[in-house]
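Novice: The listed protein sequences derive, respectively, from chains A and B. Counting in the working numbering, the first sequence runs from 1 upward without gaps. Counting in the working numbering, the second sequence runs from 1 upward without gaps. The C-beta atom is built at its ideal place from N, Cα and C for all residues, glycine as well. Following this message is one structure expressed as structure tokens.
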Amino acid sequence: MAGTLLDGAAIAHQVYSQLKERIRELHVRGVQPGLAAMLIGENSASRIYIRNKAQACHDAGVYSEVHRLPADCSDEQVYATLNHLNADPRIHGILLQLPLPPQLDSERLLQAIAPAKDVDGFNWVNLGAMVAGRTLLAPCTPLGVMTMLDHARVPIEGRSAVVVGRSAIVGKPLALMLIARGATVSVCSSKTPDLRQYTSFADILIVAVGSPGLVDGSMIKQGAVVIDVGINRLPGGKLVGDVDFASASRVASRITPVPGGVGRMTVAMLIANTVTAAERSVGIT
Amino acid sequence: MTAKIIDGNAVARHVRAQWKARVEALKVRGTTPGLAVIIVGDNPGSKVYVRNKVKACAEVGLHSETHEFGADTVEQPVIQRIEELNRDPRIHGILVQLPLPSHLEVRRLLGAISIEKDVDGFHLYNVGGLVVGENNIFPPCTPYGVQCLLEYENIPIEGQNVVVVGASNIVGKPMALMLMAKDATVSICHIKTRDLAQYTILADILIVAAGCPGLITAPMVKRGAAVIDVGINRLPDGRLSGDVDFESVKLKASYITPVPGGVGPMTVTMLICNTVAAAERNATKHAEKIPVAV
Numbered sequence: 001m002a003g004t005l006l007d008g009a010a011i012a013h014q015v016y017s018q019l020k021e022r023i024r025e026l027h028v029r030g031v032q033p034g035l036a037a038m039l040i041g042e043n044s045a046s047r048i049y050i051r052n053k054a055q056a057c058h059d060a061g062v063y064s065e066v067h068r069l070p071a072d073c074s075d076e077q078v079y080a081t082l083n084h085l086n087a088d089p090r091i092h093g094i095l096l097q098l099p100l101p102p103q104l105d106s107e108r109l110l111q112a113i114a115p116a117k118d119v120d121g122f123n124w125v126n127l128g129a130m131v132a133g134r135t136l137l138a139p140c141t142p143l144g145v146m147t148m149l150d151h152a153r154v155p156i157e158g159r160s161a162v163v164v165g166r167s168a169i170v171g172k173p174l175a176l177m178l179i180a181r182g183a184t185v186s187v188c189s190s191k192t193p194d195l196r197q198y199t200s201f202a203d204i205l206i207v208a209v210g211s212p213g214l215v216d217g218s219m220i221k222q223g224a225v226v227i228d229v230g231i232n233r234l235p236g237g238k239l240v241g242d243v244d245f246a247s248a249s250r251v252a253s254r255i256t257p258v259p260g261g262v263g264r265m266t267v268a269m270l271i272a273n274t275v276t277a278a279e280r281s282v283g284i285t
Numbered sequence: 001m002t003a004k005i006i007d008g009n010a011v012a013r014h015v016r017a018q019w020k021a022r023v024e025a026l027k028v029r030g031t032t033p034g035l036a037v038i039i040v041g042d043n044p045g046s047k048v049y050v051r052n053k054v055k056a057c058a059e060v061g062l063h064s065e066t067h068e069f070g071a072d073t074v075e076q077p078v079i080q081r082i083e084e085l086n087r088d089p090r091i092h093g094i095l096v097q098l099p100l101p102s103h104l105e106v107r108r109l110l111g112a113i114s115i116e117k118d119v120d121g122f123h124l125y126n127v128g129g130l131v132v133g134e135n136n137i138f139p140p141c142t143p144y145g146v147q148c149l150l151e152y153e154n155i156p157i158e159g160q161n162v163v164v165v166g167a168s169n170i171v172g173k174p175m176a177l178m179l180m181a182k183d184a185t186v187s188i189c190h191i192k193t194r195d196l197a198q199y200t201i202l203a204d205i206l207i208v209a210a211g212c213p214g215l216i217t218a219p220m221v222k223r224g225a226a227v228i229d230v231g232i233n234r235l236p237d238g239r240l241s242g243d244v245d246f247e248s249v250k251l252k253a254s255y256i257t258p259v260p261g262g263v264g265p266m267t268v269t270m271l272i273c274n275t276v277a278a279a280e281r282n283a284t285k286h287a288e289k290i291p292v293a294v
């Protein structure tokens with residue numbers, strides 16, 4: 001059996017068309033969702049990300065603006081801009097493009113973004129709400145994974161989900177979102193002595209470690225749904241995930257490719273969070 | 001083989017003695033750690049809990065004060081009192097005793113507590129810190145007590161298979177996050193789990209907080225596991241029982257906590273630890289350059 005592809009581009013396309021409806025509804029109420037991005041320094045990858053996000057806003061009908069500060073700026077300067085944006089009624093979402101230059105205190109600055117505008121979902125109040133089982137704004141990558149599962153109508157309640165990787169922005173939020181939906185969740189990491197013991201009983205297997213080929217077909221339960229969040233560049237330049245696609249796709253019922261899988265969802269989820277934040281600002285829940 | 005029975009009362013005494021020394025050190029520097037407890041209504045269970053907390057404070061040398069409100073109080077005076085306590089330099093920890101009368105919104109009251117004085121660790125900011133794996137927060141007292149018992153008994157956590165049964169907001173989920181931060185592989189089971197035994201049998205450390213007497217029996221437990229029973233259930237005949245079938249499981253486990261006398265005595269102890277830690281942080285605090293937007 002060959003697993004059906006979970007096509008990130010196709011699902012993202014559906015997400016955008018659903019968002020268009022919500023944005024139209026907001027326009028009727030006189031609200032245009034607005035996203036402000038902060039870009040600090042000259043990191044070339046960050047500049048590309050910001051350009052992609054601004055383009056996605058434009059395409060979706062979301063206002064966006066970019067605030068740039070020099071690489072040698074201080075915490076106080078970043079804070080002043082964030083604080084200004086917290087109070088700006090045109091702005092519903094604020095994102096601080098990471099990584100920041102080393103003199104800046106990223107974790108602390110993320111806490112200075114008002115939770116209601118924290119569309120990256122990195123503020124501790126938003127992460128804490130996920131533990132409390134009432135997610136307000138979820139980090140974009142795990143939200144993208146959950147959206148893919150839902151679009152593919154993958155049953156979650158009562159299923160065994162295994163998350164490999166326990167980062168604060170992917171693995172742990174995903175585990176919390178899956179628990180909230182009634183899955184039994186195991187969280188593995190590089191410190192797990194026998195990874196196969198867990199992966200082999202997963203109905204839903206999500207891998208987010210950053211280790212090419214970590215999981216192969218022999219470790220996967222027949223018929224499992226496999227989501228590969230990893231994105232690794234091999235010495236030859238080729239992009240691969242954490243899952244050995246060729247062997248895994250023979251065992252899985254559904255599987256995401258890399259590239260073209262989860263990666264395509266992330267920016268769409270940023271726009272979705274901005275729209276959600278704008279809706280909340282006018283009392284739509 | 002019979003398991004070592006972990007004596008929560010003895011560990012709690014030991015931990016309190018250690019922290020008493022830290023309280024003495026603070027007093028030398030002119031600070032007495034202070035805890036304020038807010039209690040609304042006259043739930044008899046809550047009154048017992050509050051009395052135990054006040055007693056524990058006195059024993060370790062903390063200042064404590066109780067702020068009582070009638071069962072029919074509205075939100076505003078309680079929030080106003082919390083805000084006064086937030087500013088009160090003699091108070092380092094504030095807790096609102098739960099449950100609250102149903103007309104009060106728990107989240108709003110807990111959210112009013114300053115994150116620097118949130119010694120129950122229920123403010124969403126402190127809960128979120130657990131997700132990030134931040135150390136400089138207040139872990140919620142019950143899972144913190146379990147972690148403390150494991151560490152006191154030198155039970156290894158890193159690389160171990162941990163299974164947490166029960167996914168509550170104040171025990172199961174924070175517990176899972178705290179043990180992930182200690183490099184355990186953690187599974188979280190709950191009422192929707194189809195085959196509980198499939199998980200529990202894997203566990204080197206099995207933590208049960210389901211509120212279901214006799215849920216865990218010996219065949220479900222791996223030989224040599226450490227079994228921590230957070231459940232506390234009153235049986236029809238009046239006896240207290242945990243979630244684990246103690247008599248059969250103790251023959252298979254390497255460590256086991258009794259109920260009562262296991263995790264229970266640790267919870268109040270950790271509240272004291274969090275309050276002293278709050279006072280220590282306050283004594284060494286520098287002006288924050290970047291205020292938190294909560």
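Please return the same chain residues whose Cβ sits closer than 8 Å to the Cβ of residue 184(A), not counting the five positions on each side in sequence.
Specialist: Residues 158, 159, 160 and 161 of the same chain have their beta carbon placed closer than 8 Å to that of residue 184(A), with the five preceding and five following residues left out of the count.
Novice: Is residue 36(A) helix, strand or coil by DSSP?
Specialist: strand
Novice: Roughly how many angstroms separate the alpha carbons of residue 110(B) and residue 241(A), rounded to a whole number?
Specialist: 42 Å
Novice: Start and end of the beta strand (DSSP E) containing residue 245(A)?
Specialist: Looking at the DSSP string, residue 245(A) is not in any beta strand (DSSP E); the run it does join, the alpha helix (DSSP H), is 245-248.
Novice: Would you verify that the beta carbon of residue 271(A) is, or is not, closer than 7 Å to some beta carbon of chain B?
Specialist: no
Novice: I want to verify the contact list: residues of chain A whose CB lies under 8 Å from the CB of residue 201(B), in sequence order.
Specialist: Counting only Cβ-Cβ distances below 8 Å, residue 201(B) has no contacts in chain A at all, with the closest Cβ about 11 Å away.
Novice: May I ask which residues mark the beginning and end of the alpha helix (DSSP H) holding residue 34(B)?
Specialist: In the DSSP assignment, residue 34(B) falls outside any alpha helix (DSSP H) and lies within the beta strand (DSSP E) extending over 34-40.
Novice: Does any C-beta atom of chain B lie closer than 7 Å to the C-beta of residue 99(A)?
Specialist: no
Novice: Measuring CB to CB, does residue 35(A) end up less than 7 Å from residue 274(A)?
Specialist: In this structure, residue 274(A) lies closer than 7 Å to residue 35(A) by Cβ.
Novice: Could you check whether the stretch 75-82 of chain A touches the stretch 97-110 of chain A, counting it as contact only if at least three pairs of C-beta atoms, one from each stretch, sit closer than 8 Å?
Specialist: yes
Novice: If I measure Cβ to Cβ from residue 274(B) and keep anything under 6 Å in the same chain, skipping five residues before and after, which residues do I get?
Specialist: 119 and 138
Novice: Can you grab the Cα-Cα spacing for the pair residue 189(B) / residue 268(A), in whole Å?
Specialist: 32 Å
Novice: For residue 97(B), does the count of other Cβ atoms within 10 angstroms reach 16, so buried, or fall short, so exposed?
Specialist: buried
Novice: For a contact meaning CB atoms closer than 7 Å, what does residue 79(A) contact in chain B?
Specialist: 290
Novice: Expressed to the nearest angstrom, what Euclidean distance is found between the alpha-carbon atoms of residue 104(B) and residue 38(B)?
Specialist: 13 Å
Novice: Along the chain, which unbroken stretches of the beta strand (DSSP E) at least 3 residues long are found entirely within the stretch 185-221 of chain A?
Specialist: 204-207
Novice: Counting only the same chain and skipping the five closest in sequence on each side, list residues whose C-beta sits under 7 Å from that of residue 262(B).
Specialist: Around residue 262(B): 6, 8 and 229.
Novice: Determine whether the beta carbon atoms of residue 249(B) and residue 221(B) lie at a separation below 7 Å.
Specialist: yes
Novice: Counting only the same chain and skipping the five closest in sequence on each side, list residues whose C-beta sits under 7 Å from that of residue 272(B).
Specialist: 16, 19, 56, 57, 60 and 62
Novice: Beta-carbon separation of residue 228(A) and residue 258(A) under 7 Å?
Specialist: yes
Novice: When every heavy atom of the ligand HEM is checked, does at least one fall within less than 6 Å of the C-beta of residue 160(A)?
Specialist: In the structure on display, the ligand HEM does not appear, and there are no ligands present to speak of.
Novice: Run through chain B and tell me which residues come within less than 7 Å of residue 55(A), C-beta to C-beta.
Specialist: By Cβ distance, chain B contributes nothing, its closest Cβ being about 28 Å from residue 55(A), past 7 Å.
Novice: Using a Cβ-Cβ distance under 7 Å, would residue 240(B) count as near chain A?
Specialist: Not closer than 7 Å to any Cβ of chain A, the Cβ of residue 240(B) fails to qualify, so no.
Novice: Going along chain B, which residues have a C-beta under 7 Å from residue 132(A)?
Specialist: 124, 127 and 169
Novice: Among the candidates 265(B), 32(B), 225(B) and 245(B), whose CA atom is the shortest distance from the CA of residue 162(B)?
Specialist: 225(B)
Novice: With residue 54(B) and residue 64(B) assumed to form a contact (beta carbons below 8 Å), what rounded beta-carbon distance in angstroms separates them?
Specialist: 5 Å
Novice: Just verifying my parser: in three-state terms, what is the DSSP assignment at residue 93(A)?
Specialist: In the structure shown, residue 93(A) sits in a strand (DSSP, three-state: E or B).
Novice: Determine the chain A residues that contact residue 180(B) at a beta-carbon separation under 9 Å, and present them in chain order.
Specialist: 166, 171, 172, 175, 187 and 189
Novice: Quick one: does residue 103(A) have its CB under 7 Å from some CB of chain B?
Specialist: no
Novice: Using a threshold of 7 Å, state whether the C-beta atoms of residue 93(A) and residue 119(A) are closer than that.
Specialist: yes
Novice: Give a yes or no on whether the minimum CB-CB distance between residue 296(B) and chain A is below 7 Å.
Specialist: Residue numbering for chain B in the displayed model covers 1 to 294; residue 296(B) lies beyond these limits and cannot be assessed.
Novice: By a C-beta neighbour count over all protein chains shown, 10 Å radius and 16 as the cutoff for buried, is residue 45(A) buried or exposed?
Specialist: Residue 45(A) is exposed by the Cβ-count criterion.
Novice: Taking 7 Å as the threshold (beta carbon to beta carbon), is residue 189(B) in contact with chain A?
Specialist: yes
Novice: Residue 186(B) and residue 176(B) - do their beta-carbons sit closer together than 7 Å?
Specialist: yes
Novice: At 7 Å on the CB atoms, spell out the chain B contacts of residue 203(A), in chain order.
Specialist: Result: empty, since nearest Cβ-Cβ is about 10 Å, beyond 7 Å.
Novice: Who are residue 163(B)'s beta bridge partners in DSSP?
Specialist: Residue pairing from DSSP places residue 163(B) in a beta bridge opposite 187(B) and 206(B).
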